[in-house]
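Colleague: One structure follows; several queries about it will come next.
2 protein chains.
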Amino acid sequence: MGVVKARHYDLGVLELESGEKLEDVRIAYETYGGLNKEGTNAILICHSLSGDAHAAGKHRRNSRKHGWYDVAVGPGKTFDTRKYFIVCSNVVGGCKGSTGPSSTNPETGRPYGLDFPIVTVRDMVRAQRKLLDHLGVKKLFAVAGGSLGGMQALQWSLEYPGYVHSVIAIATAAKQYPMGIAFHEIGRQAIQKDPRWKGGDYYGSSRPADGLALARQVGHITYLSQDTLERKFNRNRKNEKPRKKFGVEFEIQSYLQYKGNSFVRRFDANSYLYITHAIDQFDLTEGGAKSLRDAFKDVKSRFLLVSFTSDWLYPPEQVEEIYEGLAEAGAPTTYRKLDLPYGHDAFLVYNNTLGNVLVGFIEREEREYGS
Amino acid sequence: MGVVKARHYDLGVLELESGEKLEDVRIAYETYGGLNKEGTNAILICHSLSGDAHAAGKHRRNSRKHGWYDVAVGPGKTFDTRKYFIVCSNVVGGCKGSTGPSSTNPETGRPYGLDFPIVTVRDMVRAQRKLLDHLGVKKLFAVAGGSLGGMQALQWSLEYPGYVHSVIAIATAAKQYPMGIAFHEIGRQAIQKDPRWKGGDYYGSSRPADGLALARQVGHITYLSQDTLERKFNRNRKNEKPRKKFGVEFEIQSYLQYKGNSFVRRFDANSYLYITHAIDQFDLTEGGAKSLRDAFKDVKSRFLLVSFTSDWLYPPEQVEEIYEGLAEAGAPTTYRKLDLPYGHDAFLVYNNTLGNVLVGFIEREEREYGS
Chain A
1 MGVVKARHYD LGVLELESGE KLEDVRIAYE TYGGLNKEGT NAILICHSLS
51 GDAHAAGKHR RNSRKHGWYD VAVGPGKTFD TRKYFIVCSN VVGGCKGSTG
101 PSSTNPETGR PYGLDFPIVT VRDMVRAQRK LLDHLGVKKL FAVAGGSLGG
151 MQALQWSLEY PGYVHSVIAI ATAAKQYPMG IAFHEIGRQA IQKDPRWKGG
201 DYYGSSRPAD GLALARQVGH ITYLSQDTLE RKFNRNRKNE KPRKKFGVEF
251 EIQSYLQYKG NSFVRRFDAN SYLYITHAID QFDLTEGGAK SLRDAFKDVK
301 SRFLLVSFTS DWLYPPEQVE EIYEGLAEAG APTTYRKLDL PYGHDAFLVY
351 NNTLGNVLVG FIEREEREYG S
Chain B
372 MGVVKARHYD LGVLELESGE KLEDVRIAYE TYGGLNKEGT NAILICHSLS
422 GDAHAAGKHR RNSRKHGWYD VAVGPGKTFD TRKYFIVCSN VVGGCKGSTG
472 PSSTNPETGR PYGLDFPIVT VRDMVRAQRK LLDHLGVKKL FAVAGGSLGG
522 MQALQWSLEY PGYVHSVIAI ATAAKQYPMG IAFHEIGRQA IQKDPRWKGG
572 DYYGSSRPAD GLALARQVGH ITYLSQDTLE RKFNRNRKNE KPRKKFGVEF
622 EIQSYLQYKG NSFVRRFDAN SYLYITHAID QFDLTEGGAK SLRDAFKDVK
672 SRFLLVSFTS DWLYPPEQVE EIYEGLAEAG APTTYRKLDL PYGHDAFLVY
722 NNTLGNVLVG FIEREEREYG S
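If you read the sequences in order, they're chains A and B. Going by the numbering used here, the first residue of the first sequence is number 1, and it counts up by one from there. Going by the numbering used here, the first residue of the second sequence is number 372, and it counts up by one from there.
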């Protein structure tokens, strides 16, 4: 993609699902490729828990850091910028340029902290819609995402039925199941019990790095599968003896600590609380009040669902549950269960198996969309 | 079992696998039933991570609290005290009466804390052997345990081949795999990052309750299966609204917090470090230097192995790996994979399916042992 520009859009007031109004909302975003005259060739890519708007390219010519989905977004790539206008934005509640708990509260002139209102996946989607309207997008060719990104993609099809031609939802679920809630709960407690968290009011002093690092490490275990852990780490020991009792002896320990520590440098602990909370609240059946068939009854999109056999955070049965709901609601849906050994993270690990499935769906939908 | 007595044995010096010598070692234990004249009717029950020597009965007549395996140990029960002399002891390194990091270091007159030496599963077994010698046991009819208890049972068959007629190892593994290490690592970090931990030197001041509670909660998630979590908790919400943001909204959150907090009242954080470390070090193949067939080549015991389909801490494949090693080594082994919905904890949840398998094995081995 070459050098790309980080942009933002000040959308004003966002009415939240909670009924609260969030003022002065800024959404960070990037775009790749050009919008056609009709405003109909856009693809929205939704990021997952720790992602951001920087999906492709790099911010400076001599930077080595590419966007998180650079393997799949660009000229001639799966999400082909020669044909499509690709948009990616940071979720509201995040800490990568969009308004979130680390942003300044206009009422106080200080960071929100826990005064930031509760946000939901629907709020994230509504903010994205305002951005797309601002950019002149009349209709989305596709909305795509994995994990939390997949939840957003599904929510899009319910929220704006006529606006979304196709939905690509990977390694995700129609509702967050209790195991996912449980692991998030561990992470949130680790953050809130870190003495540096101070009720969320830590901006300007040292941050709750221990708690956030621990939360991230728990997350990383759930992103890998038992198989991946064995293949990658097995019981391999570090060459050095640990300097102290209960120090690092195995490679898996060192991997987790590295992942935890590097996350702390790039993510805000309060955003971690708000976004994991939004995921845990996600439930298209609204606490069982609706069947999935009912939830999907007004969708007009066409769907691609992908699961991974080695994903135990959102295992195939949870994706198949979406598939059944869509089938019962009569929505045209392709479902693929891929036997990849990367665990939940497979949606981020670009490979031909997933690539071919995506390209196949996009090419077919191009014909469908054009006709 | 009625009222039983907590006992202890001061075994003197224990030479540890590390080469260090641990002085003034006390082992807490209980016995149920009587030893025969020949000293050959004993069954040793090995407890798991958070267990203790109090397997059956109660300590006071009007107590409501029974031992952790009371359902299975007693007159006419699976481990029948009318026939067998049942012994259960607290592991060395523990905090339930046996010498561990919270015990007084005879050199300093203060609690060991992290000056306590590293202990291994083999050290636990060697201490048990000294206890059994002291009690006059000449040969074990059986050694039985689940999880860490199963590791001890397997280690017994290697350490004292002629001494153990039969081994019952449930929901366990021949080595700790990286996912188990990873979850233990989270728990150990949570403890060590708790400011009250103070490098392990917290005795006499407030204890690292937050860290230990978090460690236990991570453990509890791994003891349940995705299925059990769904059946037990699903997305059920608490009746009350949370009093604060990110408070308890779902029953699973409240369950975990309850489990974490109640554990803190009965367990020592440093013992949690030492015992999880012993589990993580456990590897009968010694880092792949041996095959399991080689590891088991001198065993003389007969084995019962049990796995549970819903156990993802020690899933069936890990138990089947033991089975294959034993089969290749020519050891008579019965393996049963039970389709029970309780996750790893199934070894503690008494039920007819597991009960019948245990009774069947014990009855057959009674005839074998007698002949």
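Ideal placement from N, C-alpha and C gives every residue a C-beta, glycine not left out. For clarity, every value in this text was computed on a predicted model and none was experimentally measured.
Using C-beta distances below 6 Å, list every residue in its chain close to residue 420 of chain B, excluding the 5 sequence neighbours before and after it, in chain order.
Modeller: Around residue 420 of chain B: 519, 646.
Colleague: Buried or exposed for residue 736 of chain B, please, with buried defined as at least 16 other CB atoms from any protein chain shown within 10 angstroms of its CB.
Modeller: Label assigned to residue 736 of chain B: buried.
Colleague: Which chain B residues sit within Cβ distance under 8 Å of residue 190 of chain A?
Modeller: Those are 561, 585, listed as they occur along chain B.
Colleague: How would you write the range of the alpha helix (DSSP H) that residue 732 of chain B sits in, first residue to last?
Modeller: 723-741 is the span of the alpha helix (DSSP H), which, as asked, contains residue 732 of chain B.
Colleague: For chain A, find out if any of its Cβ atoms is closer than 8 Å to the Cβ of residue 589 of chain B; answer yes or no.
Modeller: With 8 Å as the cut-off, residue 589 of chain B counts as an interface residue toward chain A.
Colleague: Taking all protein chains shown into account, do 16 or more other C-beta atoms lie within 10 angstroms of the C-beta of residue 207 of chain A, making it buried, or fewer, making it exposed?
Modeller: Buried.
Colleague: On a Cα-Cα basis, can you pick out the residue from A/59, A/183, A/248, A/29 that is closest to residue 648 of chain B?
Modeller: Closest by alpha carbon: A/248.
Colleague: Could you check the C-alpha separation between residue 22 of chain A and residue 262 of chain A for me, to the nearest Å?
Modeller: The alpha-carbon atoms of residue 22 of chain A and residue 262 of chain A are separated by roughly 31 Å.
Colleague: The beta strand (DSSP E) that contains residue 516 of chain B, what's its start and end?
Modeller: Residue 516 of chain B -> beta strand (DSSP E) spans 511-517.
Colleague: Residue range of the alpha helix (DSSP H) that residue 293 of chain A falls in?
Modeller: Looking at the DSSP string, the run of the alpha helix (DSSP H) that includes residue 293 of chain A is 292-295.
Colleague: DSSP state of residue 137 of chain A, grouped into three classes?
Modeller: Coil, per DSSP.
Colleague: Mind pulling the chain B residues with CB within less than 7 Å of residue 277 of chain A?
Modeller: Within 7 Å Cβ-Cβ: 617.
Colleague: Taking all protein chains shown into account, decide if residue 474 of chain B is buried (16 or more other Cβ within 10 angstroms of its Cβ) or exposed.
Modeller: Counting Cβ neighbours within 10 Å, residue 474 of chain B comes out buried, since at least 16 surround it.
Colleague: Using a beta-carbon distance below 8 Å, is residue 553 of chain B in contact with chain A?
Modeller: Yes, residue 553 of chain B counts as interfacial toward chain A.
Colleague: Put residue 379 of chain B into one of helix, strand or coil per three-state DSSP.
Modeller: Here residue 379 of chain B sits in strand by DSSP.
Colleague: In the structure shown, what three-state DSSP assignment does residue 52 of chain A receive?
Modeller: Looking at residue 52 of chain A - three-state DSSP - the assignment turns out to be coil, as it is neither helix nor strand.
Colleague: Is the Cβ of residue 221 of chain A closer than 8 Å to any Cβ of chain B?
Modeller: It does: the Cβ of residue 221 of chain A has a partner Cβ on chain B nearer than 8 Å.
Colleague: If we count Cβ pairs, one from each stretch, closer than 8 Å, do we get three or more for the region 87-107 of chain A versus the region 35-52 of chain A?
Modeller: As far as the Cβ criterion goes, the region 87-107 of chain A touches the region 35-52 of chain A, which means the pair count is three or higher.
Colleague: With a CB to CB cut of under 6 Å and the five nearest residues on each side skipped, what residues in its chain are close to residue 689 of chain B?
Modeller: So the qualifying residues of the chain are 544.
Colleague: Which one of B/720, B/676, B/553 has the shortest CA to CA distance from residue 651 of chain B?
Modeller: Of the listed residues, the one whose Cα sits closest to residue 651 of chain B is B/553.
Colleague: If you compare alpha carbons, which of A/303, A/294, A/17, A/119 is closest to residue 154 of chain A?
Modeller: When each option's Cα is compared against that of residue 154 of chain A, the closest is A/303.
Colleague: Can you check which of these residues, A/1, A/132, A/116, A/123, is closest to residue 70 of chain A by C-alpha distance?
Modeller: Considering only alpha carbons, the answer is A/1.
Colleague: Classify residue 35 of chain A as helix, strand or coil using the three-state DSSP reduction.
Modeller: Coil.
Colleague: Quick one, which of B/596, B/628, B/527, B/695 has its alpha-carbon nearest residue 188 of chain A's?
Modeller: The residue with the shortest Cα to Cα distance from residue 188 of chain A is B/628.
Colleague: Helix, strand or coil, according to DSSP, for residue 243 of chain A in the structure here?
Modeller: It is coil, neither helix nor strand.
Colleague: Within its chain, find whatever has a CB closer than 6 Å to the CB of residue 669 of chain B; leave out the 5 residues flanking it on each side and keep chain order.
Modeller: 532.
Colleague: Buried or exposed: residue 268 of chain A, going by 16 or more other Cβ atoms within 10 Å of its Cβ?
Modeller: The residue in question, residue 268 of chain A, is buried, as its Cβ has 16 or more Cβ neighbours within 10 Å.
Colleague: From residue 477 of chain B to residue 510 of chain B, what does the alpha carbon distance come to, in whole angstroms?
Modeller: Answer to the nearest angstrom: the Cα atoms are 33 Å apart.
Colleague: Between residue 715 of chain B and the rest of its own chain, which residues show a CB-CB distance below 6 Å, the 5 nearest in sequence each way excluded?
Modeller: Cβ within range, chain order: 542, 594, 682, 684.
Colleague: How many angstroms separate the CA atom of residue 695 of chain B from the CA atom of residue 733 of chain B?
Modeller: Between residue 695 of chain B and residue 733 of chain B, the C-alpha separation is close to 22 Å.
Colleague: Which residues of chain A have a Cβ atom closer than 9 Å to the Cβ of residue 548 of chain B, listed in chain order?
Modeller: 226, 229, 230, 234, 235, listed in chain order.
Colleague: Which residues share a DSSP beta bridge with residue 482 of chain B?
Modeller: Note: residue 482 of chain B sits in a beta bridge opposite B/475.
Colleague: Could you tell me which chain A residues have their CB closer than 8 Å to the CB of residue 566 of chain B, listed as they occur along the chain?
Modeller: Under the 8 Å cutoff, chain A gives 195.
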